[in-house]
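Heads up, the thing below is written out as C-alpha cells.
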Amino acid sequence: MFKAELKSDTLKGLVNIISTLIDEVKFSISSEGITLKAVDAAHVAMIEMFVDKGAFTSFEADSVELGLDLDKVKGVLKLASSGDLISMEQDDVHGRLIFKVGNITRRMNLVDTSSMSDPKVPQLSLTANMTVCVDELQKGIRAADTISDHITLRAAPDFFDLSCEGDTDSVSLRIDKANMPMLDTPSEVRSMFPLDYFSNIVKATPSGTMINIALDSDYPTKLNFSLADGSVKVDYLLAPRIESD
Amino acid sequence: MFKAELKSDTLKGLVNIISTLIDEVKFSISSEGITLKAVDAAHVAMIEMFVDKGAFTSFEADSVELGLDLDKVKGVLKLASSGDLISMEQDDVHGRLIFKVGNITRRMNLVDTSSMSDPKVPQLSLTANMTVCVDELQKGIRAADTISDHITLRAAPDFFDLSCEGDTDSVSLRIDKANMPMLDTPSEVRSMFPLDYFSNIVKATPSGTMINIALDSDYPTKLNFSLADGSVKVDYLLAPRIESD
Amino acid sequence: MFKAELKSDTLKGLVNIISTLIDEVKFSISSEGITLKAVDAAHVAMIEMFVDKGAFTSFEADSVELGLDLDKVKGVLKLASSGDLISMEQDDVHGRLIFKVGNITRRMNLVDTSSMSDPKVPQLSLTANMTVCVDELQKGIRAADTISDHITLRAAPDFFDLSCEGDTDSVSLRIDKANMPMLDTPSEVRSMFPLDYFSNIVKATPSGTMINIALDSDYPTKLNFSLADGSVKVDYLLAPRIESD
Numbered sequence: 001m002f003k004a005e006l007k008s009d010t011l012k013g014l015v016n017i018i019s020t021l022i023d024e025v026k027f028s029i030s031s032e033g034i035t036l037k038a039v040d041a042a043h044v045a046m047i048e049m050f051v052d053k054g055a056f057t058s059f060e061a062d063s064v065e066l067g068l069d070l071d072k073v074k075g076v077l078k079l080a081s082s083g084d085l086i087s088m089e090q091d092d093v094h095g096r097l098i099f100k101v102g103n104i105t106r107r108m109n110l111v112d113t114s115s116m117s118d119p120k121v122p123q124l125s126l127t128a129n130m131t132v133c134v135d136e137l138q139k140g141i142r143a144a145d146t147i148s149d150h151i152t153l154r155a156a157p158d159f160f161d162l163s164c165e166g167d168t169d170s171v172s173l174r175i176d177k178a179n180m181p182m183l184d185t186p187s188e189v190r191s192m193f194p195l196d197y198f199s200n201i202v203k204a205t206p207s208g209t210m211i212n213i214a215l216d217s218d219y220p221t222k223l224n225f226s227l228a229d230g231s232v233k234v235d236y237l238l239a240p241r242i243e244s245d
Numbered sequence: 246m247f248k249a250e251l252k253s254d255t256l257k258g259l260v261n262i263i264s265t266l267i268d269e270v271k272f273s274i275s276s277e278g279i280t281l282k283a284v285d286a287a288h289v290a291m292i293e294m295f296v297d298k299g300a301f302t303s304f305e306a307d308s309v310e311l312g313l314d315l316d317k318v319k320g321v322l323k324l325a326s327s328g329d330l331i332s333m334e335q336d337d338v339h340g341r342l343i344f345k346v347g348n349i350t351r352r353m354n355l356v357d358t359s360s361m362s363d364p365k366v367p368q369l370s371l372t373a374n375m376t377v378c379v380d381e382l383q384k385g386i387r388a389a390d391t392i393s394d395h396i397t398l399r400a401a402p403d404f405f406d407l408s409c410e411g412d413t414d415s416v417s418l419r420i421d422k423a424n425m426p427m428l429d430t431p432s433e434v435r436s437m438f439p440l441d442y443f444s445n446i447v448k449a450t451p452s453g454t455m456i457n458i459a460l461d462s463d464y465p466t467k468l469n470f471s472l473a474d475g476s477v478k479v480d481y482l483l484a485p486r487i488e489s490d
Numbered sequence: 491m492f493k494a495e496l497k498s499d500t501l502k503g504l505v506n507i508i509s510t511l512i513d514e515v516k517f518s519i520s521s522e523g524i525t526l527k528a529v530d531a532a533h534v535a536m537i538e539m540f541v542d543k544g545a546f547t548s549f550e551a552d553s554v555e556l557g558l559d560l561d562k563v564k565g566v567l568k569l570a571s572s573g574d575l576i577s578m579e580q581d582d583v584h585g586r587l588i589f590k591v592g593n594i595t596r597r598m599n600l601v602d603t604s605s606m607s608d609p610k611v612p613q614l615s616l617t618a619n620m621t622v623c624v625d626e627l628q629k630g631i632r633a634a635d636t637i638s639d640h641i642t643l644r645a646a647p648d649f650f651d652l653s654c655e656g657d658t659d660s661v662s663l664r665i666d667k668a669n670m671p672m673l674d675t676p677s678e679v680r681s682m683f684p685l686d687y688f689s690n691i692v693k694a695t696p697s698g699t700m701i702n703i704a705l706d707s708d709y710p711t712k713l714n715f716s717l718a719d720g721s722v723k724v725d726y727l728l729a730p731r732i733e734s735d
C-alpha cells in the first residue's frame, strides 16, 4: 500500500536529480519515506536519495517497491503549476500508480523492478571537505563549455577552484576560503571528472543549494546536499578520469 | 469595393482560428460584415465564421469575394503590436489587398477563389449541450499529450469529462456540473475525436473564452463561441472516430 | 603591452557589430584606443570601428596588434551579466589574451594576424544625407522578410523610404521629413542592397541608436553611428546591387 501527496515542486526537484542518471527508477518505500538508488549504465556516477515522509503533505505506506518511468512522471509534472499538490496512490490490482493533479487523473503503468539491482554506495574517506553554493559551480560549468570535455576540481588549504584545459585555451573559476562557508584540507588535492556528468547534476540542483563536496587526488568525488527544507537528502558519487602525463 | 480598419488583435484572433484548417481562405464580404467558411482537405472538420462590421473600427464594403493566403496575413500581423490598428483596402485594378500598419504599406496579391467551394454546414440536433471554459479544455489537451492520438468527450447528467486511453496508461479530466456554467443532457453520451484537430482548435481559442459544446454518441461535435466581444461568431464541427469493439 | 577593463555591455555591443561581417578580427591597439577594420569574404560590406580609451574603465596600451576569434569572445560575454566588468590583459609570453570576469579567468589563444589585411575605406561623397532611428530600420526589415532578397533605400526631398518588391507582393516603410531628425537631398536618389547584409547590421545596432545614412543612386550606402555614449564610432559601407531594367 502506498498513498501520498506532495507539492509538485518537491516531486519535480527529485525527479530532475534522478533523471540525470537514469530513465526508470525503483522507489523503495517504507513507512518512513522513500529511498531511490541509481547508477548510470556506464557506472560512472551513482545517486542515493532519501525522501523523508516529512517531505509529503500526507504519507501512508507499507514496505513496497514501485518502478517508475521518469519521463512519464515529468509529463505529470507539466500539468501542475508551482504550488499545486500532486497525489499518488498505488493501484495494486492493475499494477498502476494513480496520480491526481486538480481535476486530472493520470493512471500510469508501473515498470517491472525485478531486473533493477540496488547499487551499493561505497564508503569513502576523502582528504578535502568543503561547502560551495551550487550557483558558483553552475557559473564554472558555463565557463567550461566548449573548452574541454573534462573539468578539474582542486582544493587547497586556502582556495577551491574548477578548471578546464583545452589544447590552446583554458578557463578557471577560483573561490577563496574567505568566501566559502567551509573549506578543510591539510594539503592540495585534485581530480579530473567528465564535464557532462558533473554539469548534469550541478544544473539539476536548485539555485541557492549549498553542496558539501568531498575530494581527493584521483579519487571519486562525493557531492552531498539537501532539498525541500532538509527532508530530501542526496548523495552523488562521481568517478574520476585518471590524468595521464 | 472593400475598405476597413480593425485592431490587430481581432484580425489575429480570427486568422489563428481559420488557419487551424486551411492556408488559403475566401472572405465573402457584404455591407454587414465578412463570412468565412473552411473545410480541411481530409473533410474531418469545418469552420464557419461571421465577423460583424461591429468588429471593425471602420468598415465600407459592397458584396465582394477576396481570396487570401493566411501565412502572408500572419506576416502582416507580426508587424503590428497589440492595440495597433490595421487597415485593409481592396486594389481592384491590380487584384491586391493593401494593408497598412503605421507607416508600413504591404501590398498583397489576392488568391484566385474560383476553385474554392462553399462548404455546407450540416444542421445537427445533438443530445447533450454544455458550456465549458476553453482553459479547461486546454488543460485536458496538455494531459492527453503522448497518451494517445484520440480524445473522448463524454457528457453525463452530472459531469463532463475528457479522457484518453493508451495501451498501458490513461488520463482523464473531469468537471462536475456544479463547476460548469451549463450542462444539459438527459443521458450519458460520448464520442471519440482525433486529438490533433481538437487540440488545434482549442489551442487557437483565446484563454477565458466560453465554448458551447453540443455532443452525442458517435456523432460529430459542434463547438460554438464568440470572439471580440461577440462581434465574431465561430461554429466548428468535428467528425468523430467511430470506436470499434 | 595591453591591459584594459570595460563594461561587458560595451564589449558585447562592438562584438555584435563586427561579427556581422567576420569571425576573426585584428584589434589595432594604440595608447588612444582600439581600431577594428573588417571586410566580409565577398567584399560586399566593410566596417571601420574606433573604440576610444574613454570607452574603458581603465586602459593602458602600447602599439600592438591582437587577433581574436569573436566566437570565443562571445563565450566570455555569456559569463558576464549586464553591468559586470571584463578585464583583458595580453600575455605576450604565451601569445594569449587573459580575460577576467568576477572570479573566472579565461585564457584565450590569439589568432595570427599576419594574413589579415587592412581594408582601405574609400572616401565617398554622396548626394543624400539623413538621420534615422535604427528602430525604424528594424521595423522595415521585419516587414521585408519573405518578400524579396533585396531592399531599396530611397531618399527624396520630403521623405525617406525602405521598400521591397517581390514577384507579386511588395512592402514599403515611409518616414516623412517632419518625423526625421535630419534629411537633406536636392533630388530623389535610390539604391538597392542585399537584404541579409543590411538586416544583419541593422539588427546588431542597439535599439534607440540614431544612424546617419549617406545615399546616392546606384552607389554604396554609408551608415555611421556611435555606441557607448559616443566613445565607439562605427562606419559601415555596403555595396549596392545594380538594378537591371
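Residue numbers (the numbering used here), protein chains in the order written: chain C, 1 to 245; chain A, 246 to 490; chain P, 491 to 735. Glycine residues also receive a C-beta, built at the ideal position from the N, C-alpha and C atoms.
Residues that DSSP places opposite residue i in a beta bridge
i, result
"P/F492", "P/A551"
"C/S163", "C/T152, C/S172"
"C/A246", "What the structure shows of chain C is the stretch from 1 to 245, and residue 246 of chain C is not part of that stretch, so it cannot be assessed."
"C/L237", "C/M46, C/K222"
"P/Q580", "P/L587"
"C/M192", "C/T152, C/R241"
"A/A459", "A/N374, A/K467"
"C/D52", "C/G33"
"C/K26", "C/G67"
"A/M427", "A/T376"
Test: residue i CB closer than 8 Å to a CB of chain C
i, result
"A/R387", "yes"
"A/S417", "yes"
"P/L476", "Residue numbering for chain P in the displayed model covers 491 to 735; residue 476 of chain P lies beyond these limits and cannot be assessed."
"P/F516", "First, the amino acid is wrong: residue 516 of chain P is Lys here, not Phe. So no, P/K516 is outside the interface."
Interface flag, residue i vs chain A, CB-CB below 8 Å
i, result
"P/T595", "no"
"C/N16", "no"
"P/K449", "For chain P, the structure presents residues 491 to 735; residue 449 of chain P sits outside this window and is missing."
"P/T658", "yes"
"C/M108", "yes"
"C/D100", "The residue asked about is misnamed: residue 100 of chain C is Lys in this sequence, not Asp. No - not a single Cβ of chain A is within 8 Å of the one on C/K100."
"P/K610", "no"
"P/T603", "no"
"P/K629", "yes"
"P/T621", "no"
"P/T510", "no"
"P/T636", "yes"
"C/G75", "yes"
"C/L11", "no"
"C/K72", "yes"
Whole-number beta carbon distance between residue j and residue i, since they are thought to touch under 8 Å
i, j, result
"A/L330", "A/V260", "Contact flag wrong, Cβ pair sits at about 16 Å."
"C/L215", "C/V189", "6 Å"
"A/F404", "A/L311", "Contact flag wrong, Cβ pair sits at about 45 Å."
"P/L600", "P/F546", "With a Cβ gap of about 19 Å, P/L600 and P/F546 do not count as contacting."
"C/A239", "C/P220", "5 Å"
"C/I29", "C/V64", "5 Å"
"P/V624", "P/M670", "Not quite, the Cβ-Cβ distance comes to about 13 Å (not below 8 Å), so this is no contact."
is_contact[residue i, chain P] using C-beta, thresh 8 Å
i, result
"C/T152", "no"
Quiz item: Should the stretch 2-22 of chain C be called in touch with the stretch 194-213 of chain C, which here means at least 3 C-beta pairs below 8 Å?
Solution: yes
Quiz item: With a cut-off of 8 Å, do at least 3 Cβ pairs link the stretch 634-645 of chain P to the stretch 654-671 of chain P?
Solution: yes
Quiz item: How about the stretch 583-598 of chain P and the stretch 661-670 of chain P: do they share at least three Cβ pairs that are nearer than 8 Å?
Solution: no
Practice problem: Could you name each continuous beta strand (DSSP E) segment of 3 residues or more that falls completely within the stretch 98-135 of chain C, going from the start of the chain to the end? | Solution: 104-109, 128-133
Self-check item: Cβ contact (3+ pairs, closer than 8 Å) linking the stretch 221-241 of chain C and the stretch 42-54 of chain C
Solution: yes
Practice problem: Answer yes if the stretch 345-358 of chain A comes into contact with the stretch 319-327 of chain A, meaning at least three C-beta pairs across the two stretches below 8 Å, and no otherwise. | Solution: yes
Practice problem: Determine contact between the stretch 114-122 of chain C and the stretch 201-216 of chain C, defined as no fewer than three beta-carbon pairs at a distance below 8 Å. | Solution: no
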